[in-house]
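Take a look at the structure set out below.
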Amino acid sequence: MLFLRKRNARVTNGGRKFNLVKIFYYLNTSKSINWGSQATSAGIRHLVDVSYPDAEFAPIDFAPLPLRWFPYLRIIPDLLLIYCIKNNVKKGLERLLQWYGIKPEIYSQCDAVLFNGEGSIHNKSGHFFRLIASLYAFKLNGKIVISMNQTVDVPGNGMHAKILKLVYSKLDSVYSREPVTYRLLKSMGIENSVIGDAAYALPKMHSDRIDKLVLDYNLPDDFIALTGSSFLDKNKKSVERIIAVIDAISTLNFPIIFLANTKTDLYLAKKVEKIRNLRIISYKDAKFEEGMAIVAKAKLLIGGRQHPNIFAAIYGTPFIGMEGNTHKMKGVIELLKYPIPSMNWKINEVELFLLAERIINHEVSFSQVDVPVVDSVKIF
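Converting from the sequence shown to my numbering requires adding 22 to each position, the first position being numbered 1.
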């Protein structure tokens, strides 16, 4: 957590005194085990540091969702949140959000809110209505609210889309992190701009820094990195899909390192490890910087985790993107102008082998790849 100065501090600028601003930041994903979530929080913190160096950057954490083991019981409070938003019932909204773990005094403790949407703005997320309602509550309390770094994936004619349009239309700015989300929001009548994922904002590491970060991992000179995907789950079918990928590329004769930066990925990797020869480096072994450095050293990356593929793009490692449970991967590839479309997990082993072989033999041109420059964020 970064606190630059207390909010009531006063700074002299050429004899003129002024109060510093306080920016709330959530979703605060810096504590996540996921490398991508760690990287985006670090990227957003860096953007605010650069854009507003004298601001107080205050990450906040919400309580876990209530009724964790009985999520269907949240339908009633979710419907009440929807009612309060539709009818502009401020006190009722704040009381409901207090039940959801958001204390009412929070609305008077900041000047602006920077909302890190990540992958939570989709209709299968149990957090959706609480998060959207919290943004609306901050707006009702007169705060500047910016929504950024998000993939939005909701059906255009459902209740999620209707509430999203109602709330997002009242925000000060909405930023998408890829063009598929941009077009979806535009089709819903929500004005927004594309700013690449916050991971792109991180200062690029020099080669000596990368070498230092990977030193303890004893990486082979050449290897293929593999990740999982939000499409996969803890089941036999997902294990079989990963084994099919390994079988497709095994004749390339490179060691395979599975980069498991979610609990599901680690579960699957351990299952696969019993059947096929591979090495595992997980979130238990490395934080996001080490993960980025390992990806930077790979000959090729294959998988459906969005941020390892973004790391690969930043550091010039070719990747084959596999599908996830939303359109994130398609959006990443379109934004990058990447020459290889995303693949689904029902792979043709020969097709995947031939593609990987062409990439490794430098028969695929990546000259048109355009890595986004994300160097500032406008809040005020």
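Think of the CB as a built atom: it goes at the ideal place given N, C-alpha and C, for glycine as much as any other residue.
Secondary structure at Met-351: helix, using DSSP grouped into helix, strand and coil.
Under the DSSP definition of a beta bridge, Arg-263 lacks any partner. Straight across, the Cα-Cα distance linking His-182 with Ile-212 is about 14 Å. 9 Å or more divides the Cβ of Ile-278 from the Cβ of Ala-318.
With respect to the 9 Å criterion, Asp-269 and Arg-298 are classified as neighbours on the basis of their beta carbons.
Look at Asp-100 here: in three-state DSSP terms it is helix. Note on His-384: under 16 other CB atoms within 10 angstroms of its CB, so exposed under the neighbour-count rule. The beta carbons of Ala-134 and Phe-402 sit about 7 Å from each other, so the pair counts as a contact at 8 Å. Between Cys-132 and Lys-44, the C-beta spacing is below 9 Å. At the C-beta level, Ala-159 and Leu-102 stay beyond 9 Å of one another. The segment 161-179 makes contact with the segment 193-206; the number of CB pairs closer than 8 Å reaches 3 or more. Assignment of Gln-120 by DSSP, reduced to helix, strand and coil, places it in the helix class. Val-236 carries a helical assignment under DSSP once its states are collapsed to helix, strand and coil.
Annotation for Ile-355: Gly-343, Ile-362, Pro-363, Ser-364 place their beta carbon closer than 8 Å to its own, counting only its chain and skipping 5 residues before and after.
DSSP, reduced to helix, strand and coil, places Pro-126 within a helical segment of the structure shown.
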